[in-house]
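Q:
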Amino acid sequence: MTFQNYIVKQPGIDYRNNTEWGGLGTFKIKVSNKIIDYARGLLKEHNFGNRGVADGNYNEQLTGIIGQCTIQTMFQVDLLTGEEGFDHGKDLEYTGLSIDVKTMGRTTDVKDYYVNNFIALQKGFPTDVFIFCSYVENKKELTVCGWLLKNELEEKATFYKKGTRRYRSDKTWFRTKADLYEIPNKKLSTVKSPDDLKQQLKDQAEIVNVNA
Numbered sequence: 208m209t210f211q212n213y214i215v216k217q218p219g220i221d222y223r224n225n226t227e228w229g230g231l232g233t234f235k236i237k238v239s240n241k242i243i244d245y246a247r248g249l250l251k252e253h254n255f256g257n258r259g260v261a262d263g264n265y266n267e268q269l270t271g272i273i274g275q276c277t278i279q280t281m282f283q284v285d286l287l288t289g290e291e292g293f294d295h296g297k298d299l300e301y302t303g304l305s306i307d308v309k310t311m312g313r314t315t316d317v318k319d320y321y322v323n324n325f326i327a328l329q330k331g332f333p334t335d336v337f338i339f340c341s342y343v344e345n346k347k348e349l350t351v352c353g354w355l356l357k358n359e360l361e362e363k364a365t366f367y368k369k370g371t372r373r374y375r376s377d378k379t380w381f382r383t384k385a386d387l388y389e390i391p392n393k394k395l396s397t398v399k400s401p402d403d404l405k406q407q408l409k410d411q412a413e414i415v416n417v418n419a
């Protein structure tokens, strides 16, 4: 199975602004069936849970791969193939920044008070930027919630030890499977469109280069 067999550049991606948060800004991508089929095919051939802790079940891995492949397509870079081995959090590189795409499955559109979960042991990976996404499977929609510099993680996220009871907005709860950070959507750098996201990352790369 190869990238060329399944994906072409910008395969009918539908970009739609989501202004539900009253101006905070996100955007949605209609995920193509090609990407979904490609992700399912990868999971038949590879196990992407390589952290050794909280590696994720099949559905969680599928959600992550769909999010990663959709963002890679948006940036017009080749998709993962499963042959690369452990990527240490580097899903793509853009303007010199190493980017890790984090995607959570949802059943409803995201809100500003929703949080993104981040496994603490990943903090040590050589990544510059996290792009946080939410995927609603029954709508085949990926919402790009925003992005965060890794060096802002301690400032903007809340840390929870393994086994901590965490409550969802619907009052259900779960115990953390590993040491965990939670980052609310409202603390991310917000984005209005793919072009806006790319420009913000370009600007950030220039700041990094100036300070280097």
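Be aware that the sequence shown starts at 208, since it is given in the working numbering, and climbs by one per residue. Even for Gly, the Cβ is constructed at its ideal location relative to N, Cα and C.
(1) Pick helix, strand or coil for Tyr-321, following the three-state DSSP scheme.
(2) What is the rounded straight-line gap between the Cα of Lys-237 and the Cα of Lys-347?
(3) Given Lys-330, which residues of its chain have a CB within under 8 Å of its CB, disregarding the five upstream and five downstream residues?
(4) Whose C-alpha, out of Ser-341, Ile-326, Asp-335 and Ile-414, is nearest the C-alpha of Asp-307?
(5) State whether the region 304-322 contacts the region 378-386, with contact taken as three or more CB pairs (one from each stretch) at a distance under 8 Å.
(6) In the DSSP assignment, the beta strand (DSSP E) including Glu-426 goes from what residue to what residue?
(7) For Lys-251 and Tyr-245, what's the separation of their Cα atoms in angstroms?
(8) Does the beta carbon of Glu-348 come closer than 8 Å to any beta carbon on chain B?
(9) Suppose contacts are defined by Cβ-Cβ distances below 8 Å. Is His-253 in contact with Gly-289 by that definition?
(10) In whole angstroms, what separates the C-alpha of Arg-258 from that of Lys-399?
(11) What is the rounded straight-line gap between the Cα of Val-415 and the Cα of Gln-279?
(12) Mind checking which residues open and close the beta strand (DSSP E) that includes Thr-233?
(13) Return the CA-CA distance between Arg-373 and Leu-328, expressed in angstroms with no decimal places.
(14) Kindly indicate which residue of Asp-319, Ser-305 and Lys-363 has the alpha-carbon position closest to the one of Phe-325.
(15) Quick one: what does DSSP say Thr-379 is sitting in, helix, strand or coil?
(16) Thinking C-beta only, is Phe-366 closer than 8 Å to Leu-355?
(17) Expressed to the nearest angstrom, what Euclidean distance is found between the alpha-carbon atoms of Tyr-342 and Ser-396?
A: Walking through what the data contain:
(1) Numbered from 1 along the sequence shown, position 114 holds the residue referred to as residue 321. Coil.
(2) Locating residue 237 in the sequence shown gives position 30, counting from the first residue. Locating residue 347 in the sequence shown gives position 140, counting from the first residue. Taking the straight line from one Cα to the other gives about 6 Å.
(3) Position 123 of the sequence shown holds residue 330. Counting only Cβ-Cβ distances below 8 Å, and skipping sequence neighbours, we find Lys-357, Leu-360 and Tyr-388.
(4) As a position in the sequence shown, residue 307 is number 100, starting the count at 1. Here the closest residue by C-alpha is Asp-335.
(5) As far as the Cβ criterion goes, the region 304-322 does not touch the region 378-386, which means the pair count is below three.
(6) No answer is possible for residue 426: it lies beyond the span of the chain, which begins at 208 and ends at 419.
(7) Locating residue 251 in the sequence shown gives position 44, where the first residue counts as 1. Locating residue 245 in the sequence shown gives position 38, where the first residue counts as 1. Cα-Cα distance, rounded: 10 Å.
(8) The question asks about chain B, but that chain is absent: this structure has only one protein chain.
(9) Taking the first residue of the sequence shown as position 1, residue 253 is located at position 46. Taking the first residue of the sequence shown as position 1, residue 289 is located at position 82. Yes, these two residues count as a Cβ contact at 8 Å.
(10) Taking the sequence shown and counting its residues from 1, one reaches residue 258 at position 51. Taking the sequence shown and counting its residues from 1, one reaches residue 399 at position 192. Confidence is the limiting factor: at Arg-258 the pLDDT is only 48, short of 50, which leaves the residue's position unreliable, though a coordinate-based value still follows. When rounded, the distance between both Cα atoms is 32 Å.
(11) In the sequence shown, residue 415 corresponds to position 208, counting from 1. In the sequence shown, residue 279 corresponds to position 72, counting from 1. The alpha-carbon atoms of Val-415 and Gln-279 are separated by roughly 22 Å.
(12) As a first step, residue 233 is located in the sequence shown; it is residue number 26 there, counting from the start. Element bounds for Thr-233: 233-237.
(13) As a first step, residue 373 must be located in the sequence shown, where it is residue number 166. As a first step, residue 328 must be located in the sequence shown, where it is residue number 121. About 19 Å.
(14) Here residue 325 is taken as the residue at index 118 of the sequence shown, counted from 1. Per the Cα distances, Lys-363.
(15) Here residue 379 refers to the residue found at position 172 of the sequence shown. Note: Thr-379 maps to coil in three-state DSSP.
(16) As a first step, residue 355 is located in the sequence shown; it is residue number 148 there, counting from the start. As a first step, residue 366 is located in the sequence shown; it is residue number 159 there, counting from the start. Not in contact: Leu-355 and Phe-366 (Cβ atoms no closer than 8 Å).
(17) Within the sequence shown, the letter at position 135 stands for residue 342. Within the sequence shown, the letter at position 189 stands for residue 396. Computed Cα separation, rounded: 19 Å.
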